[in-house]
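One structure is given here, and the rest of the page talks about it.
In our numbering, the protein residues as written are 11 to 466.
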């Protein structure tokens, strides 16, 4: 009897184990995400999976090795991804004298090109690759991706750090990047072909107001600055590069210059071109923008407020670039965020913008713009196609905005709601929300990596 009972128990255990393996095998990963929790000043991660035609989300609290920050004195700032490597900037409340710097994460998802699509394999959990958090990093704020490399602006050091994701993965760069002189105060920058970088100065004094440094990335130290020039107006906050041109955001519209890749120009020979964004009806001051995104050969930004708010589009490859304005009426108390763009699996080109609450009680919304309705690659006919109600933001200065990012397949988007501690899953095929997930804290910036795991 005892032997029969033992055998029976073993069979039950074997059945349960086999069943759990089959259940686990039936779960197909769709994408992995990482987001900033502003409440705890740390990164969280999670994974969306498909099982029995249902989408499931699993939340994980910690990323192995991520530095312990002070929830009162530190802020996580801009965060970008190249491949499976994520870099996030870390800022403090004392101009970098307390502790500031950056951290790099391996998201643990391998993606490989396979014919007309990419294959995604979900390996180990996300973990820290490297971090530098000390009193010598200059309180970073802005982080960029250009030509497969990260550029982190070290504001109080009047320069920036170049971080190569391949070096971070191999962990063969003990210096953790290369520092270059360029820019000052509150730096925004654009790099071209890994050869040169244009860095802006945020300064009120006559010498540096409107100043832009051109840095030779083949040199280092103070000698890296090849030359500097000044725009006719200051208030610089925003820079990007596209199709051989460099765009800047001063206090009056947009300025652009031709990229001096071979460093043949001088301060006197730089030709600066101005693109007006109109004027504010109430103050009669010029409209401005504060950040750019690029989509194919176009540069996008927002300007104006309330009834005069608009998405602006500039064809960077045009012989004479001009501004195309798409009005997006934004209720009083709300502000229009910088767009985030995607090409979906169906080939649609969308821009997503949030109308975030700065004051009052107006309902916040996600605005969806079809950038190319007739698919001719000319974005001048862009139009708003949908507006979706979303959860609350928690805007405090530059922080607490809604954020969105997309899976590698162009099928799904994840939206953060900082004011409710929830994520929402948006289908890029029908532009409808298909799930809401409680994650707690204050979720802000989010990045997605990978797509549906396939088996060949």
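A virtual CB, placed ideally from N, CA and C, is assigned to each residue, including glycine.
Taking just the CA atoms, how far does residue j sit from residue i?
i	j	result
residue 226	residue 168	15 Å
residue 363	residue 91	20 Å
residue 306	residue 342	33 Å
residue 357	residue 386	12 Å
residue 138	residue 113	7 Å
residue 76	residue 94	16 Å
residue 64	residue 425	19 Å
residue 33	residue 463	Reliability fails at residue 33, whose pLDDT of 41 lies under 50, so the model's placement of it is uncertain and the value that follows must be treated cautiously. Straight-line Cα distance between these residues: approximately 16 Å.
residue 308	residue 252	8 Å
residue 131	residue 72	21 Å
residue 336	residue 141	41 Å
residue 3	residue 293	The structure shown has nothing for residue 3, since the chain only spans 11 to 466.
residue 507	residue 37	This structure gives no information on residue 507, because the portion of the chain shown stretches from 11 to 466.
residue 80	residue 392	44 Å
residue 402	residue 48	15 Å
residue 212	residue 247	7 Å
residue 46	residue 88	10 Å
residue 166	residue 104	11 Å
residue 311	residue 289	16 Å
residue 281	residue 143	40 Å
residue 461	residue 110	33 Å
residue 321	residue 303	11 Å
residue 283	residue 398	37 Å
residue 157	residue 269	15 Å
residue 329	residue 279	20 Å
residue 55	residue 400	21 Å
residue 382	residue 389	5 Å
residue 422	residue 439	8 Å
residue 74	residue 159	24 Å
residue 367	residue 230	43 Å
Can you give me the Cβ contacts of residue i inside the same chain, cut-off strictly under 7 Å, excluding the 5 residues immediately before and after it?
i	result
residue 353	359 and 420
residue 122	128 and 129
residue 450	431
residue 404	410, 428, 429 and 452
residue 458	41, 43, 415, 416, 417 and 424
residue 57	39, 42 and 68
In chain order, what residues of the same chain have a beta carbon less than 6 Å from the beta carbon of residue i, not counting five sequence neighbours either side?
i	result
residue 339	317
residue 205	227 and 271
residue 234	190, 191, 225 and 226
residue 350	362 and 414
residue 443	434 and 436
residue 395	378 and 380
residue 245	260 and 261
residue 372	341, 343 and 344
residue 326	252, 253, 255, 307 and 309
residue 447	67 and 433
residue 287	263, 297 and 313
residue 83	102, 103 and 108
residue 3	Absent from the structure is residue 3, since the part of the chain shown begins at 11 and ends at 466.
So, for residue i: in the same chain, excluding its five sequence neighbours on each side, which residues have a beta-carbon less than 8 Å away from its beta-carbon?
i	result
residue 133	118, 119 and 120
residue 26	Residue confidence is low: residue 26 scores 46 on pLDDT, short of 50, so the model does not pin down where it sits. Its coordinate-derived value is still stated next. Within the same chain, residue 26 has no close Cβ partners at all.
residue 199	152, 154, 161, 163, 170, 192, 193, 207, 208, 209, 210 and 249
residue 238	221, 222, 223, 224 and 277
residue 445	65, 67, 434 and 435
Would you grab the beta carbon distance between residue i and residue j for me? Rounded to a whole angstrom, and I think it's under 8 Å.
i	j	result
residue 173	residue 187	4 Å
residue 51	residue 85	7 Å
residue 365	residue 346	6 Å
residue 331	residue 285	7 Å
Any heavy atom of the ligand ATP closer than 8 Å to the CB of residue i?
i	result
residue 221	Ligands are entirely absent from the displayed structure, and the ligand ATP is therefore not among its contents.
Practice problem: Mind listing, in chain order, the continuous beta strand (DSSP E) runs of no fewer than 3 residues lying wholly within the region 121-151? | Solution: 127-132 and 137-144
Quiz item: Hey, which unbroken runs of the beta strand (DSSP E) at 3 residues or more fall wholly within the region 226-265?
Solution: 235-240, 249-252 and 255-258
Practice problem: Kindly confirm or deny that the region 265-274 and the region 298-307 touch, where touching means at least three C-beta pairs closer than 8 Å. | Solution: The answer is no - the region 298-307 does not touch the region 265-274, with fewer than three Cβ pairs under 8 Å.
Quiz item: Are the region 135-152 and the region 96-111 in contact at 8 Å, needing three or more beta carbon pairs?
Solution: yes
Quiz prompt | Validate contact between the region 188-197 and the region 212-230 using beta carbons, cut 8 Å, 3 pairs | solution = yes
Quiz prompt | Any beta strand (DSSP E) of 3 or more consecutive residues that is wholly inside the region 396-425 | solution = 413-416
Practice problem: Mind the definition here: the region 410-418 touches the region 441-456 only if three or more C-beta pairs lie below 8 Å; say whether that holds. | Solution: yes
Exercise. Entirely within the region 267-309 and at least 3 residues each: give me those beta strand (DSSP E) ranges in chain order.
Key: 283-285 and 303-305
Exercise. For the region 343-391, list the beta strand (DSSP E) runs that are entirely contained and at least 3 residues long, ordered along the chain.
Key: Contiguous beta strand (DSSP E) elements confined to the region 343-391 occur at 344-346, 350-353, 359-367 and 375-380, taking only those with 3 or more residues.
Quiz item: What runs of the beta strand (DSSP E), each 3 residues or longer, lie entirely inside the region 159-197?
Solution: 159-164, 169-173 and 188-191
Quiz item: Residue ranges of each beta strand (DSSP E) run of no fewer than 3 residues wholly in the region 60-85, ordered along the chain?
Solution: 64-70
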